[in-house]
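Order-wise, the sequence lines are chains U and H. The numbering of the first sequence is numbering that gives the first Met the number 0, which starts it at 0 and goes up by one. The numbering of the second sequence is numbering that gives the first Met the number 0, which starts it at 0 and goes up by one. Beta carbons: idealized from backbone N, C-alpha and C, even for Gly. Here the structure is laid out as structure tokens; the discussion comes afterwards.
Protein chains: 2
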Amino acid sequence: MFESAELGHRIDKKTYRAEVPTVREGLLDAQFDLRENGKFPVVILISGVDGAGKSETINVLYEWMDPRFLSTLAFSTPSDEEREHPYMWRFWRALPPKGRIGIFAGSWYSTPIAERIAGNLSKGDLDQRMDQINRFEAMLVNEGALVLKFWFHLSRDGQRQRLKALEKDPRTAWRVTKESWARLKTYGKLQEAAGHVLRMTNTPWAPWIVVEGTDDRYRSLTVGKVVLDALQKRLADTRDQNFPVAPPIAQKIDSLDVLTALDLTLKLEKRDYETQLAKWQGRLSELARHPEFRNHSLILAFEGSDAAGKGGSIRRVTAALDARQYQIVPVAAPTEEERAQPYMWRFWRHVPRNGRVAIFDRTWYGRVLVERVEGFCTEADWLRAYTEINDFEHELREDGAIIIKFWLQISDKEQLRRFKEREKIAFKRFKITEEDWRNRDKSAAYHAAVCDMVDRTSSGMAPWTLVEANDKSYARVKILRTICERLEQALGNEKTRNRRKD
Amino acid sequence: MFESAELGHRIDKKTYRAEVPTVREGLLDAQFDLRENGKFPVVILISGVDGAGKSETINVLYEWMDPRFLSTLAFSTPSDEEREHPYMWRFWRALPPKGRIGIFAGSWYSTPIAERIAGNLSKGDLDQRMDQINRFEAMLVNEGALVLKFWFHLSRDGQRQRLKALEKDPRTAWRVTKESWARLKTYGKLQEAAGHVLRMTNTPWAPWIVVEGTDDRYRSLTVGKVVLDALQKRLADTRDQNFPVAPPIAQKIDSLDVLTALDLTLKLEKRDYETQLAKWQGRLSELARHPEFRNHSLILAFEGSDAAGKGGSIRRVTAALDARQYQIVPVAAPTEEERAQPYMWRFWRHVPRNGRVAIFDRTWYGRVLVERVEGFCTEADWLRAYTEINDFEHELREDGAIIIKFWLQISDKEQLRRFKEREKIAFKRFKITEEDWRNRDKSAAYHAAVCDMVDRTSSGMAPWTLVEANDKSYARVKILRTICERLEQALGNEKTRNRRKD
């Protein structure tokens, strides 16, 4: 990987002065074009050997481009808040919106490489992380992002010389610390780990660019030209940037499916309901104060057809919780800011920290339900969403989150009854719109979408609970009972968790 | 994953009889179309719970389709020969050519799942395998293949009933063995392992199809309809099925690169040459008889510009080996059979077993050299080839292969001298063609391709050795010495190997 970056590349002052103006002009033009027409985000990763010019490169990019549309995120030791979220959370937060360039000083690669060098990560675990990173970058590319991954390299001798030079110059001496010299000792380990990481993640859609870091002019000019070339090529490229997807296959050959198999006549008498409600709310209230709960977050996902009773059920849950502990996230059409980001971004931002509860009234499954049925996204988009959703939940789960997903099912007849009732009762009228009536016409398409969703995203770590919701009392108690049982299982049966941040 | 396949799906005799003729007719038509126009291979994996109807399904497909264009590969315990090759070797051998359907009874998933249930595979190692499988299937899809992965499911009760029914019927009783009942005991473990595997590998490009296996008619009709639907959709789909690739970026900003950095004046005097040649040939001859060598294979890859001296170097290597031990693989334009397969197929078939040596005179790097420069493949094809090549070498390496890659570099002037010499000398004249002269005109393009190749595929496990070859003596000795040193390192410094097959 590093052969070309150990040759002693140099650019003389004259060449540099002659070439820089063209590159700068080109970069400004491309940046303008990106903002006006490009409509895709640019993610630039700056990584590599210490002393190879990472921070200098960022400064050069700021100097040569319009800094108002650049953002740089430096990732060093994670904050308390970051530590209490899944590993990728802080990177999701920092993603640039469409039309912007985000520079990552330190990235999702930094921690795995550092842990591998420190001997805290087995080769197998490292490869697992690289697989997750490849999936994450594939998602970015599917969302239209241009991903440029720079690795600045120095030979062992080059690093030594570089540190000496920095130390000698009074303006840069402060940058050379004891740790810098210590890192020279782990040079071999870094090269081995980095070589492996770069090879595993040198994907066709997001390849690495290795740059020799010895000579300032060479490094700056290379980065400038590479960014410019990549931007221009991507701006001119109108091809579809999506991963291939197998078309959906009609597998339904009888009328039996997970929804028709539900017994919607299940119900609970009023007295039973009140006893049971009190019992499970009490239990939940206790569980939420369980000392072990502080190491977990709880994510409740509510989906269901219109008027299935999501809101009422959520209120029965929150009644048992402390308002400071939970957040209800009502998911409606995405805001402008959200539309400029990858689809999953608006859910990542609401991922709760440990000890907290997030209740989603409609969820990330919107992509494979309403967006699929209404054609708000392409077929390729919703087909790949199943994988992205599973990856998302997997990552939350690995971090200790407890994920409980409910689908509330009511019959067409019961839905009609509730719609009519809502129209009659003044304070419920706002709940029923023209759209709700239209959605009823598409019930077959929604039905198929729900079945596919359950088949493709109900996993051992985050199973779906299908709730027979024709009877509200029955539904609410089943939901509360499920939450309590899952919590008891998770809090009582604590396994070693896969914490990644420390 | 399995919810829909535990509902007790059944198809009555009447419906079955009414529907089957249409499905059969459709399948025959689609199969004809695939052969005549489709020009893509179809890979059908048949996997799942024992007793869920895997073999019955294969029989049904044979009954309903034209068996002349079907092939079924059953993979159980690997043969001796298979055991001495990398894990994926036997699957590569069995891939159907374009226009054909290959049914895999047991597949690349079987061993990892079985090992996981037996407790011989950690979760991390399992995930690593799944990542490799995802990359392999992505390659198949990039090569145009339609991949249909069936998983036949039974509920625990369903499996018990199925085994009882098979046992009761004298025609099928032989199929129920002690192992069948033993597997019922590991049902839970299988479900957990399979659920995880299916989730990890349920990719947008090669999703799983889970089918309930209880009822014969339901299962057969489902498989028939799914295969038909998938074939028809794929035959009608003219979209590009390739993964996105980042366009190549012009990174060259000075004249220094791994090739120009070579000192082509290096030479060896005749007397020195003879001493050194004898010394290293003797050493190599000993190393090839090293007892530890029986657990490794040796792969020598020779690339270089025309007239760089590959043939002569290879002869100096083979002079030190026993003819029964090595195989020279001259790589020319692919045969018709090879063109009907994924690009890497023709190299997989020559992968040596342990204790053997394969010497490739030109190699799998043809894709990123001649095919790239001459436009014999698309840009996307050669760009993704770097990853596929790295995956290939990684897999060989994991299995204990020692891979040594040589690029022989000569100057343009020296090449011209050799060309002219070849024209003059009668017995060398066959070695020089019009094409060789034409290639000289493209030397800049080849130069860039070689640099990219070294940058992207020189890894710790399989580094490139660049050979200064203006002086044939120097080149030959450097090659022999490199082989000996790498062998000594590998044979002396034996690490625990990652054997996968037993």
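Residues of the segment 227 to 246 of chain H with a CB closer than 9 Å to any CB of chain U: list them in chain order, please. 228, 229, 232, 233, 236, 238, 239, 240, 241, 242, 243, 244, 245 and 246
Backbone secondary structure at residue 497/H - three-state DSSP: Mapped onto the second sequence, residue 497/H falls at position 498. Since pLDDT at residue 497/H reaches only 43, below the 50 mark, its modelled position is unreliable, and the value read off the structure follows with that caveat. Three-state result, residue 497/H: coil.
Between the C-alpha atoms of residue 388/U and residue 163/U, what's the straight-line distance to the nearest angstrom? Mapped onto the first sequence, residue 388/U falls at position 389. Mapped onto the first sequence, residue 163/U falls at position 164. Roughly 49 Å separates the two Cα atoms.
Out of curiosity, what's the CA-to-CA distance linking residue 482/H and residue 415/H? On the second sequence, residue 482/H is found 483 positions in, with the first residue counted as 1. On the second sequence, residue 415/H is found 416 positions in, with the first residue counted as 1. In a straight line, the C-alpha of residue 482/H is about 29 Å away from that of residue 415/H.
Per the contact definition of three or more C-beta pairs closer than 8 Å, is the segment 301 to 320 of chain H in contact with the segment 267 to 283 of chain H? Put simply, the segment 267 to 283 of chain H touches the segment 301 to 320 of chain H. At least three CB pairs are less than 8 Å apart.
Just to confirm the assignment, what range does the alpha helix (DSSP H) spanning residue 316/H have? The residue given as residue 316/H occupies position 317 in the second sequence. Segment 309 to 317, the alpha helix (DSSP H) holding residue 316/H.
Measure from the C-beta of residue 41/H to each C-beta in chain U and report whether the shortest distance is under 8 Å. As a first step, residue 41/H is located in the second sequence; it is residue number 42 there, counting from the start. At a cut-off of 8 Å between beta-carbon atoms, residue 41/H makes no contact with chain U.
If I measure Cβ to Cβ from residue 4/U and keep anything under 6 Å in the same chain, skipping five residues before and after, which residues do I get? To locate residue 4/U, count along the first sequence from 1; it is residue 5. Closer than 6 Å at Cβ, skipping near neighbours: 152, 209 and 211.
Own chain residues within Cβ distance below 8 Å of residue 116/H, not counting five before or after: Here residue 116/H refers to the residue found at position 117 when the second sequence is read from its first residue. Once the five neighbours on either side are set aside, the close Cβ partners of residue 116/H are 185, 188, 189 and 192.
Would you say residue 204/H reaches chain U, if we count a Cβ-Cβ gap shorter than 8 Å as a contact? For the purposes of this step, residue 204/H is taken as residue 205 along the second sequence, with counting starting at 1. By this cut-off, residue 204/H is an interface position.
Compare the C-beta of residue 385/U against all C-beta atoms of chain H and say whether one is closer than 8 Å. Here residue 385/U corresponds to residue number 386 of the first sequence, with the count starting at 1. Yes, its Cβ sits closer than 8 Å to a Cβ of chain H.
Three-state secondary structure (DSSP) at residue 548/U? The requested residue 548/U does not occur in the structure, where chain U is confined to residues 0 to 501.
Would you kindly check if the distance between the Cβ of residue 95/H and the Cβ of residue 350/H is under 8 Å? Within the second sequence, the letter at position 351 stands for residue 350/H. Within the second sequence, the letter at position 96 stands for residue 95/H. No, these two residues do not count as a Cβ contact at 8 Å.
Members of the segment 210 to 222 of chain U that neighbour chain H once the beta carbon cut-off is set at 9 Å: 210, 217, 220 and 221
What is the rounded straight-line gap between the Cα of residue 133/H and the Cα of residue 97/U? Here the question's residue 133/H lines up with position 134 in the second sequence. Here the question's residue 97/U lines up with position 98 in the first sequence. Rounded to whole angstroms, residue 133/H to residue 97/U spans 29 Å at the Cα level.
Less than 8 Å between the beta carbons of residue 136/U and residue 202/U, yes or no? Here the question's residue 136/U lines up with position 137 in the first sequence. Here the question's residue 202/U lines up with position 203 in the first sequence. Yes, the pair counts as a contact, with Cβ atoms nearer than the cut-off.
Going by beta-carbon coordinates alone, are residue 379/U and residue 367/U separated by less than 8 Å? Here residue 379/U corresponds to residue number 380 of the first sequence, with the count starting at 1. Here residue 367/U corresponds to residue number 368 of the first sequence, with the count starting at 1. Contact: no.
Leaving out the 5 sequence neighbours to the left and right, which residues in its chain are closer than 6 Å to residue 499/U when beta-carbon positions are compared? Position 500 of the first sequence, counted from the start, is the residue given in the question as residue 499/U. Model confidence at residue 499/U stands at a pLDDT of 40, short of 50, so the residue's coordinates are unreliable; what they give is reported in the following sentence. Counting only Cβ-Cβ distances below 6 Å, and skipping sequence neighbours, we find 86.
If we ignore side chains and look at the alpha-carbon of each, how far apart do residue 381/H and residue 402/U end up? In the second sequence, residue 381/H corresponds to position 382, counting from 1. In the first sequence, residue 402/U corresponds to position 403, counting from 1. Looking at the two C-alpha atoms, the distance is approximately 42 Å.
Given that residue 255/H touches chain U, what residues does it touch there, using C-beta distances under 9 Å? Translated into the one-based positions of the second sequence, residue 255/H becomes position 256. Correct list: 3, 6, 7, 8 and 9.
Residues of chain H with a CB under 8 Å from the CB of residue 376/U: which are they? Walking along the first sequence from the start, residue 376/U turns up at place 377. Those within 8 Å of residue 376/U in chain H number zero; the least Cβ separation is about 13 Å.
Taking 8 Å as the CB-CB limit, is residue 194/U close to chain H? As a working mapping, residue 194/U is identified with position 195 in the first sequence. Closer than 8 Å: yes.
Mapping DSSP to helix, strand and coil, what is residue 289/U? If you number the first sequence from 1, residue 289/U lands on position 290. Note: residue 289/U maps to coil in three-state DSSP.
For residue 360/H, the residue or residues it bridges with in DSSP: In the second sequence, the residue the question calls residue 360/H occupies position 361. DSSP lists 301/H and 329/H as partners of residue 360/H.
Our contact map puts residue 258/H next to residue 446/H with C-beta atoms below 8 Å; I'd like the distance itself, whole angstroms only. Position 259 of the second sequence, counting from 1, holds the residue named residue 258/H. Position 447 of the second sequence, counting from 1, holds the residue named residue 446/H. Indeed they touch by this definition, with Cβ atoms about 6 Å apart.
Can you tell me the Cα-Cα spacing of residue 494/H and residue 73/H, whole angstroms? Here residue 494/H corresponds to residue number 495 of the second sequence, with the count starting at 1. Here residue 73/H corresponds to residue number 74 of the second sequence, with the count starting at 1. In this predicted model, residue 494/H has a pLDDT of only 46, less than 50, meaning its place in the structure is not dependable enough to derive any value.
From residue 355/H to residue 298/U, what distance separates their C-alpha atoms? Taking the second sequence and counting its residues from 1, one reaches residue 355/H at position 356. Taking the first sequence and counting its residues from 1, one reaches residue 298/U at position 299. Their Cα atoms are separated by approximately 56 Å.
For residue 434/H, does the three-state DSSP call read helix, strand or coil? Along the second sequence, read from residue 1 onward, the residue named residue 434/H stands at position 435. Three-state DSSP puts residue 434/H in a helix.
If we cut at 8 Å on Cβ distances, does residue 19/U have a partner in chain H? As a first step, residue 19/U is located in the first sequence; it is residue number 20 there, counting from the start. Output row for residue 19/U: interface = no.
So if I threshold CB-CB distances at 7 Å, which residues from the segment 388 to 400 of chain H count as touching chain U? 389
Per DSSP, cross-strand counterpart(s) of residue 190/H: Taking the first residue of the second sequence as 1, we reach residue 190/H at position 191. In the DSSP output, where bridge partners are listed per residue, residue 190/H has none listed.
Quick one: which chain U residues come within Cβ less than 8 Å of residue 0/H? What you label residue 0/H is simply residue 1 of the second sequence in a count that begins at 1. Within chain U, the residues near residue 0/H are 454, 455, 457 and 458.
I think residue 99/U touches residue 68/U, with their Cβ atoms under 8 Å apart; what is that distance to the nearest whole Å? Residue numbering aside, residue 99/U sits at position 100 when the first sequence is read from its first letter. Residue numbering aside, residue 68/U sits at position 69 when the first sequence is read from its first letter. Going by Cβ atoms, the distance from residue 99/U to residue 68/U rounds to 6 Å, so yes, they are a contact pair.
What is the rounded straight-line gap between the Cα of residue 284/U and the Cα of residue 331/U? Translated into positions along the first sequence, residue 284/U becomes position 285. Translated into positions along the first sequence, residue 331/U becomes position 332. When rounded, the distance between both Cα atoms is 29 Å.
Burial state of residue 78/U, where buried means 16 or more other Cβ atoms lie within 10 Å: For this step, residue 78/U is matched to residue 79 along the first sequence. That one is exposed.
Comparing the C-beta of residue 447/U with each C-beta of chain H, is any distance below 8 Å? Sequence index remark: in the first sequence, residue 447/U carries index 448 (1-based). Cβ-Cβ to chain H under 8 Å: no for residue 447/U.
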